[in-house]
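K.L.:
Residue numbers (this note's numbering): 2 to 309.
What follows is the structure in structure tokens.
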């Protein structure tokens with residue numbers, strides 16, 4: 002999960018929380034300061050994080066009542082973690098919420114209004130490298146290794162699913178995992194068929210999900226139902242974090258901003274390919290045998306051209 006390894010900068014009005022490592026959400030700031038909070042403040046923080054960010058969007062009185070604390074406690078905590086006051090704190094939450102539901106048109110207009118005079122190739126390269134640096138800075142190796150070990154466990158069946166755009170990433174991951182090990186299933190994009198897949202899921206199986214902003218409600222429902230059956234979820238999401246994160250065992254929060262109407266999948270694909278290699282290496286003997294058999298099947302079907 003995300004760790005705030007460097008102190009965040011108090012943002013100017015109208016800006017998003019930032020650090021040298023990229024976008025920092027309000028939930029990141031709360032988590033980074035959690036250990037120094039009082040008992041009442043920790044109770045408030047837990048309530049805010051439980052239904053984030055909606056739980057912080059009411060009046061200060063409502064937020065306090067929902068958490069079972071006093072309004073002065075709310076005012077003290079938001080200042081303790083670095084905000085000017087509750088209105089400033091709530092303003093950042095509204096900015097995050099707006100960012101997570103941005104449609105392609107509003108994203109394009111926001112980027113176009115501030116586009117520098119450089120070529121799009123340079124702007125895209127800069128954005129991609131910034132996304133890579135920010136993602137690697139907050140990605141814990143223990144989280145990565147844990148996910149790789151789960152996927153490599155042949156006792157577990159693997160299921161993969163993505164959304165309207167991220168379905169292509171799930172398909173790519175599935176194609177490689179199917180070669181590496183047995184017991185891998187790609188879930189169809191038609192959500193009406195999902196109960197048929199859940200029917201075969203067993204406790205300890207793994208559901209790999211891709212869900213980035215404009216989070217899809219059916220995906221959240223699938224995650225909840227699978228989790229209730231004891232399935233463990235590995236989630237690939239963005240820096241703001243899909244609601245599925247509440248049900249997930251492992252979460253990869255990846256920077257996706259790009260100078261475009263569309264979000265960038267480059268760094269998500271990087272993480273996927275790194276996991277492919279980690280899993281493949283850990284069970285290479287089985288994978289090698291499967292690859293040999295597969296190559297024989299390719300030869301018999303004449304799928305690929307042979308050198309002359």
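Glycine included, each C-beta is placed from N, C-alpha and C at the ideal position.
Alpha carbon to alpha carbon, what distance is there between residue 151 and residue 94?
P.N.:
Taking the first residue of the chain shown as position 1, residue 94 is located at position 93. Taking the first residue of the chain shown as position 1, residue 151 is located at position 150. Looking at the two C-alpha atoms, the distance is approximately 34 Å.
K.L.:
Checking the sheet assignment: what are the DSSP bridge partners for residue 185?
P.N.:
Translated into positions along the chain shown, residue 185 becomes position 184. Its beta-bridge partners are 159.
K.L.:
Taking residue 270 as the reference, give the member of 92, 175, 40 with the closest Cα.
P.N.:
Walking along the chain shown from the start, residue 270 turns up at place 269. The shortest Cα separation from residue 270 among 92, 175, 40 belongs to 175.
K.L.:
Measure the alpha-carbon distance for residue 144 versus residue 290 and round it to whole angstroms.
P.N.:
For the purposes of this step, residue 144 is identified with residue 143 of the chain shown, where counting begins at 1. For the purposes of this step, residue 290 is identified with residue 289 of the chain shown, where counting begins at 1. Roughly 29 Å between the two C-alpha positions.
K.L.:
Output needed for residue 168: all residues of its chain with C-beta closer than 8 Å, excluding positions within five of it in sequence on either side, in chain order.
P.N.:
Taking the chain shown and counting its residues from 1, the one referred to as residue 168 is at position 167. For residue 168, where only same-chain residues beyond five positions count, the Cβ hits under 8 Å are 162, 190, 211.
K.L.:
Assuming residue 254 is part of the alpha helix (DSSP H), what are its boundary residues?
P.N.:
The count along the chain shown starts at 1 and reaches residue 254 at position 253. Unbroken run through residue 254 is the beta strand (DSSP E), 251-255; no alpha helix (DSSP H).
K.L.:
Rounded to the nearest angstrom, how far is the Cβ of residue 208 from that of residue 234, given a contact under 8 Å?
P.N.:
For this step, residue 208 is matched to residue 207 along the chain shown. For this step, residue 234 is matched to residue 233 along the chain shown. Yes, residue 208 and residue 234 are in contact; Cβ-Cβ is about 5 Å, under 8 Å.
K.L.:
Going by the DSSP bridge assignment, what does residue 235 pair with across the sheet?
P.N.:
Taking the chain shown and counting its residues from 1, one reaches residue 235 at position 234. DSSP output for residue 235 lists 209, 251 as bridge partner(s).
K.L.:
Is it true that the CB of residue 219 sits closer than 8 Å to the CB of residue 192?
P.N.:
For the purposes of this step, residue 192 is taken as the residue at position 191 of the chain shown. For the purposes of this step, residue 219 is taken as the residue at position 218 of the chain shown. Taking 8 Å as the Cβ cut-off, residue 192 and residue 219 qualify as a contacting pair.
K.L.:
Quick check: the Cα distance between residue 194 and residue 154, rounded to an integer number of angstroms?
P.N.:
By one-based count along the chain shown, residue 194 stands at place 193. By one-based count along the chain shown, residue 154 stands at place 153. In a straight line, the C-alpha of residue 194 is about 26 Å away from that of residue 154.
K.L.:
Sorted by chain position, which residues of the same chain lie with C-beta nearer than 6 Å to residue 243's C-beta, five sequence neighbours on each side aside?
P.N.:
For the purposes of this step, residue 243 is taken as residue 242 along the chain shown, with counting starting at 1. So the qualifying residues of the chain are 212, 216.
K.L.:
Would you be able to state if there are at least three C-beta pairs under 8 Å between the segment 42-51 and the segment 63-75?
P.N.:
They touch, by the three-pair rule.
K.L.:
Are the Cβ atoms of residue 31 and residue 49 separated by less than 8 Å?
P.N.:
On the chain shown, position 30 is the one that residue 31 refers to. On the chain shown, position 48 is the one that residue 49 refers to. Closer than 8 Å, so yes.
K.L.:
In three-state DSSP terms, what is residue 22?
P.N.:
In the chain shown, the residue the question calls residue 22 occupies position 21. Residue confidence for residue 22 is low, a pLDDT of 48 falling below 50, so the modelled location carries little weight; the figure read from the coordinates is stated next. Looking at residue 22 - three-state DSSP - the assignment turns out to be coil, as it is neither helix nor strand.
K.L.:
Quick check on residue 278: does DSSP put it in helix, strand or coil?
P.N.:
On the chain shown, residue 278 is found 277 positions in, with the first residue counted as 1. Residue state, collapsed to three classes: helix.
K.L.:
Just curious, the alpha helix (DSSP H) that residue 44 is in, first and last residue?
P.N.:
Taking the first residue of the chain shown as position 1, residue 44 is located at position 43. Here the alpha helix (DSSP H) through residue 44 covers 40-51.
K.L.:
Assuming contact is defined by CB atoms lying nearer than 8 Å, are residue 251 and residue 147 in contact in what I supplied?
P.N.:
Along the chain shown, one-based indexing puts residue 251 at 250. Along the chain shown, one-based indexing puts residue 147 at 146. Yes; because the gap between Cβ atoms is below 8 Å, this pair is in contact.
K.L.:
Classify residue 311: buried if its beta carbon has 16 or more other beta carbons within 10 angstroms, exposed otherwise.
P.N.:
Because the chain in this structure spans residues 2 to 309, residue 311 falls outside the shown range and cannot be described.
K.L.:
Which term fits residue 1, buried or exposed, when burial requires 16 or more other beta carbons within 10 angstroms of its beta carbon?
P.N.:
No answer is possible for residue 1: the residues shown for the chain start at 2 and end at 309.
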